[in-house]
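So the structure is just underneath, and the comments pick up after that.
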Amino acid sequence: MMGVAGMNSDAISASIKELDEVQRKVVRTMSCRLQVGFVLLLIPQLILLFSIYWYTTVIGMIILAFVFIYCWTHRERKSDFILMYSGLLILNAIKDIVLIFFFFFAPLTDLTAVEYVAMVSLIVDAGVFIPYSIYYCVWLHRSLSVTVSSF
Numbered sequence: 074m075m076g077v078a079g080m081n082s083d084a085i086s087a088s089i090k091e092l093d094e095v096q097r098k099v100v101r102t103m104s105c106r107l108q109v110g111f112v113l114l115l116i117p118q119l120i121l122l123f124s125i126y127w128y129t130t131v132i133g134m135i136i137l138a139f140v141f142i143y144c145w146t147h148r149e150r151k152s153d154f155i156l157m158y159s160g161l162l163i164l165n166a167i168k169d170i171v172l173i174f175f176f177f178f179a180p181l182t183d184l185t186a187v188e189y190v191a192m193v194s195l196i197v198d199a200g201v202f203i204p205y206s207i208y209y210c211v212w213l214h215r216s217l218s219v220t221v222s223s224f
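Numbering-wise (our numbering), the sequence shown opens with residue 74 and increments by one.
Laid out in structure tokens, this is it:
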């Protein structure tokens, strides 16, 4: 029996299975890269625990909770957690930028070595780690939202 565009049903089902396998591989890859981004985001949060702004790590801990929830449920392919994670990453970037301004407005002679390290880690966090994680959030969300009928 001939199907769409002259293909038989066996060829269509084989291509659907192949597309599904490719999507699973991409989702696995993007999930691993997103988890690497999470570990990179966790480092400045841990350094910030030892500075005078230790209480601002609440957003980082909320991100930690969402990543654990995502890791627990990512087999169900839920993209809503990815969108919430992206929103929390944007909040974390805003927090980092505000904290960088706080560090710059404080007299630099009053800062300890740990606070200098925290300031540099916040700059790297806001400039490198958060864009890295948001980039892979977007790609993971796009790979999760692809369906076979969209081809």
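No residue lacks a Cβ here, since even glycine has one placed at the ideal position from N, Cα and C.
Three-way DSSP call (helix, strand, coil) for residue i in this model
i           : result
residue 138 : helix
residue 120 : helix
residue 204 : helix
residue 158 : helix
residue 186 : helix
residue 170 : helix
residue 126 : coil
residue 179 : coil
Environment of residue i [buried if 16+ CB atoms lie within 10 Å]
i           : result
residue 186 : exposed
residue 162 : buried
residue 168 : buried
residue 264 : The chain is shown only over 74 to 224; residue 264 falls outside these bounds and no answer can be derived.
Option in the options with minimal Cα separation from residue i
i           : options            : result
residue 200 : 166, 121, 188, 210 : 166
residue 110 : 188, 193, 133, 190 : 133
residue 203 : 127, 112, 218      : 112
residue 116 : 194, 91, 178       : 194
residue 160 : 101, 218, 207      : 207
residue 108 : 88, 92, 180, 139   : 139
residue 157 : 92, 214, 171, 95   : 214
Same chain only: Cβ atoms within 6 Å of residue i, ignoring 5 sequence neighbours per side
i           : result
residue 188 : 124
residue 176 : 192
Cβ shell of residue i (< 7 Å), same chain only, five flanking positions each side left out
i           : result
residue 196 : 173
residue 106 : 209
residue 212 : 103
residue 99  : 216
residue 135 : 161
residue 180 : none
residue 244 : Since the displayed the chain opens at 74 and closes at 224, residue 244 lies outside it and no answer follows.
residue 130 : 118, 121, 122
residue 224 : Summary for residue 224: the model assigns pLDDT 49, below 50, so the residue's position carries little reliability, and this model does not support an answer.
residue 190 : 120
Same chain, Cβ closer than 8 Å to residue i, neighbours up to 5 away in sequence not counted
i           : result
residue 127 : 121
residue 164 : 132
residue 87  : none
residue 205 : 110, 113
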